[in-house]
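**Student:**
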Amino acid sequence: MSDHDHKPAPMVDEVSDFEILEMAVRELAIEKGLFSAEDHRVWTEYVHTLGPLPAARMVAKAWLDPEYKKLCASDGVEASKAVGVNWVTSPPTQFGTPSDYCNLRILVDTPTVKHVVVCTLCSCYPRPILGQSPEWYRTPNYRRRLVRWPRQVLAEFGLQLSPDVEIRVGDSNQKTRYFVMPVRPEGTEGWTEDQLTEIVTRDCLIGVAVPKPGITSNAKRAVHPAVHPVHHDHDHGH
Amino acid sequence: MSAPSINASETERCDQVVDTTPIPLLQSIQAHGRVWEDLAAQYGVTNPDPPWKITLEATCDLLAGDSCVKPYDQVAPGSCALPSLERRAEEDELSATIYEDVPFPERQLLALAHSMIKRGLVDEAGLASKMKEVEQRLNSA
């Protein structure tokens, strides 16, 4: 009897121009000495290991352990070690990286204060603990409107907040990254850390959603263009 | 009224305007290249992102300096070919204009190639030639 009766997983069986372009750009950059093939391999391998699970587990742990929650609120970098993320020694440099600066602040929601994260300048994101940012997070439309009309933007994500809930926006930058620790939802009494981790989705950690029993994935978002021309003059601050 | 911002952003300026004049090679890819969302749908693949998305991100990171893989004291001064803030600003501009109809991350890739060509980090003919070479290699099996 053959060992190969199982059906192979579907795969894309053609080479696209975009795949070719990505390889060509990378190989030319290496040939021109802009970076080395080895550096690229090392960094790619590291980035492949990243995702939102460590941050979700931190939230679950904090919900179960008030002392750990205090640590999360006061020292996000130290608290990250409990889920295997060392902001200093995990990256290939062993010294952190300027692009994922070693200053994580965890924004702790309360029943009357909701936090949400953006990067108004570009798309800074706490990659060591959340992985790659979603497309909508990168768009000028989200970045501009969230700081001006956070309540309306959150409502577009399906998050209708009572008028007496204050919204605070964390604006990521070169020096500081954020994620949100939402309030533990009702209906999770007696749950284990693993069960709680499952409902803390990436969107909950950015702050555009709140955890709910039974919801373990992110909603697909439409992406809207920005109507006005893009200008990157940030001299007037935020 | 805007929401209180917890931490004012660093006020680095980034006002240079990218040259959005179309580049024929990239226009051709934009017109004829098959994007991941179409390929994934046709072949029944559930991965929402193309396999090259992470390598593209790594290329962007490393063009912003090898400080993501080397300790600070080993980073050569002036080794940054394309600062990330400038690249992202140009990507925003290009995404809102000539590559508006291209989905993500294909749009990010076209914007990166565009920025590199306009800055002279690679030239269009050299990129076209390298693409032919890569295509022959990938289709040689």
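In order, the protein sequence lines correspond to chains X and C. Under the numbering used here, the first residue of the first sequence is numbered 1, with each subsequent residue one higher. Under the numbering used here, the first residue of the second sequence is numbered 1001, with each subsequent residue one higher. Just so you know, even glycine gets a beta-carbon here, dropped at the ideal spot from N, CA and C.
Three or more C-beta pairs under 8 Å: does that hold for the stretch 159 to 169 of chain X against the stretch 108 to 123 of chain X?
**Tutor:** In short, these stretches touch, since the Cβ pair count reaches three.
**Student:** Quick check on DSSP: helix, strand or coil for X/His224?
**Tutor:** Here X/His224 sits in coil by DSSP.
**Student:** Is C/Ile1098 close to chain X, meaning its C-beta is less than 7 Å from at least one C-beta of that chain?
**Tutor:** With 7 Å as the cut-off, C/Ile1098 does not count as an interface residue toward chain X.
**Student:** For the stretch 189 to 215 of chain X, enumerate the residues whose C-beta is nearer than 8 Å to any C-beta of chain C, in chain order.
**Tutor:** Listed in sequence order: no entries.
**Student:** Give the interface partners of C/Thr1021 over in chain X, defined as CB-CB distance under 7 Å, in chain order.
**Tutor:** Going along chain X, no residue has its Cβ under 7 Å from C/Thr1021, so there is no contact; the nearest lies around 16 Å.
**Student:** Quick test of your reading: C/Trp1036 and C/Glu1100, contact by CB under 8 Å. State the CB separation rounded to the nearest angstrom.
**Tutor:** That belief does not hold up - the Cβ atoms of C/Trp1036 and C/Glu1100 are roughly 18 Å apart, past 8 Å.
**Student:** Can you tell me where the alpha helix (DSSP H) holding X/Pro39 begins and where it ends?
**Tutor:** Residue 39 of chain X is actually Asp in this sequence, not Pro. 37 to 48 is the extent of the alpha helix (DSSP H) around X/Asp39.
**Student:** Would you list, in chain order, the members of the stretch 108 to 125 of chain X that have their beta-carbon closer than 7 Å to a beta-carbon of chain C?
**Tutor:** Of all residues in the stretch 108 to 125 of chain X, Thr120, Leu121, Cys122, Ser123 have a Cβ within less than 7 Å of some Cβ in chain C.
**Student:** Which residues does DSSP pair with X/Phe179 in a beta bridge?
**Tutor:** Paired residues: X/Ile106.
**Student:** Taking X/Phe157 as the query, report the chain C residues whose CB atoms sit under 8 Å from its CB, ordered along the chain.
**Tutor:** The contacting residues do not exist; X/Phe157 stays about 15 Å from chain C at best.
**Student:** Alpha carbon to alpha carbon, how far is X/Pro225 from X/Thr139? Give it in angstroms, no decimals.
**Tutor:** Going from the Cα of X/Thr139 to the Cα of X/Pro225 covers about 8 Å.
**Student:** Which residues bound the alpha helix (DSSP H) around X/Ile129?
**Tutor:** Counting along the chain, the alpha helix (DSSP H) containing X/Ile129 begins and ends at 127 to 130.
**Student:** Of the choices C/Gln1074, C/Arg1034, C/Arg1137, C/Ser1115, whose alpha-carbon is the least far from that of X/Asp39?
**Tutor:** If we check each option's Cα against that of X/Asp39, C/Gln1074 comes out closest.
**Student:** DSSP three-state call for X/Ile199: helix, strand or coil?
**Tutor:** Three-state DSSP puts X/Ile199 in a helix.
**Student:** Note down the Cα distance separating C/Glu1086 from C/Ser1115, rounded to an integer number of angstroms.
**Tutor:** Cα to Cα, C/Glu1086 sits roughly 9 Å from C/Ser1115.
**Student:** For a cutoff of 7 Å on Cβ pairs, would you count C/Asp1092 as touching chain X?
**Tutor:** Closer than 7 Å: yes.
**Student:** In chain X, which residues lie with their C-beta within 7 Å of the C-beta of C/Lys1130?
**Tutor:** Per Cβ cutoff of 7 Å: Ala24, Glu27, Leu28.
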